[in-house]
Each structure stands twice: as structure tokens, then as C-alpha cells.
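**Student:**
In our numbering, the protein residues as written are 9 to 174.
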């Protein structure tokens, strides 16, 4: 094969690769999110109360421990699960018991969920329980939201400023 023929074949190959790359950069079309929907995202990282109460060690119990481990109180590391409920217009959108993370179950409970909803005006109720109580909720908030098409609404939980934030 002559040198000119090899250069011509190489040029045709380069042009074909460039054409395929050019086509893939503009097509096929892809819609990341439906244009007629809105999104509600829940983002929580919260540590619930400890599973048990701290207790004072007796003198005999302290004597059995190594000298550098003799503390007057012992507290369990494990945390309770966090119960979360979110309603949209009176219908449950998300209900979950979030287990604590960590090897000993002593880390925060986490959730990061996205929900595709219809745009428009909605009543949103958010409730969270992070204590050992069985009825009711420790944090409760109901708000009216107006969602536009393709809008992303983020619900965060921050107990230091009162609970749920939007």
C-alpha cells in the first residue's frame, strides 16, 4: 500500500470518528427532568435520643474496671430510630423509620429522597419523632407551597432552628 493511500484512509477514518462524536454531542435528545413536573427532595441527617438512660455505676462495678476506665456514669451508645412522615395534600408522600448509622448504631439517621409531583399549590405536612414516645411527634410543620414546573423544593431538618426548613 502506498504512503498516499494510507494517509487518505487515515483521513477518512478521522473524519468518520469526528462525525460520530459531533452527532453524539448534540443528539439524541435527552430530557433530564419532565418539563411538566416538579420535584420535592427530603434531606435529613439527624441523631435521635439515646436508646437508654445513663446510669450511675455502683462502687463494686467501678472497682472491677481498670483504673483508667473508672467513670461514675455509663451511658448506652445506641440511638433510637427516627420516624418521618411527609404528606402532600393529605396523602402520604413518605413514611419511614430511619435506623441510626454507624457500627454501634450511634450515628445520625439519614434520608435523601426525591419525589416527582405535579406543579401547583399544595399543603405539605412534615412530622418527625426522635424520642421514645409512641404517640405524637416531636416536630410538626404544615406549610402551603406553590411549585412551578421543573422547580426543585428541598426539605431539610435542623433541630437547632426549630425543625423542618424549606
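C-beta atoms are modelled at their ideal positions from N, C-alpha and C, and glycine is treated no differently.
#1: Determine contact between the segment 111-129 and the segment 45-63, defined as no fewer than three beta-carbon pairs at a distance below 8 Å.
#2: Could you pull the start and end residues of the beta strand (DSSP E) that residue 169 belongs to?
#3: I need the boundaries of the alpha helix (DSSP H) containing residue 68, first residue and last residue.
#4: Among 43, 118, 65, which has the Cα closest to the Cα of residue 90?
#5: Relative to the C-alpha of residue 102, which candidate in 108, 93, 133 has its C-alpha closest?
#6: What residue range is occupied by the uninterrupted alpha helix (DSSP H) comprising residue 88?
#7: With a CB to CB cut of under 7 Å and the five nearest residues on each side skipped, what residues in its chain are close to residue 129?
#8: Apply the 10 Å Cβ neighbour rule to residue 137 and answer buried if 16 or more other Cβ atoms are within range, or exposed otherwise.
#9: Going by DSSP, name the residue or residues bridged to residue 102.
#10: Considering only DSSP beta bridges, list what residue 137 is partnered with.
#11: Buried or exposed: residue 40, going by 16 or more other Cβ atoms within 10 Å of its Cβ?
#12: Which residues bound the beta strand (DSSP E) around residue 52?
#13: Return the bridge partner residues of residue 111 from the DSSP annotation.
#14: On the DSSP bridge assignment, give the partners of residue 128 in chain order.
#15: For residue 82, which of helix, strand or coil comes out of DSSP?
#16: Using DSSP with H/G/I as helix, E/B as strand and the rest coil, what is residue 59?
**Tutor:** Reading it off the structure:
#1: yes
#2: That residue, residue 169, is in no beta strand (DSSP E); it is neither H nor E in DSSP.
#3: 67-72
#4: 118
#5: 93
#6: Looking at the DSSP string, residue 88 is not in any alpha helix (DSSP H), and its letter there is neither H nor E.
#7: 152, 154
#8: buried
#9: 94
#10: 91
#11: exposed
#12: 46-54
#13: Per DSSP, none; premise fails for residue 111.
#14: 155
#15: strand
#16: coil
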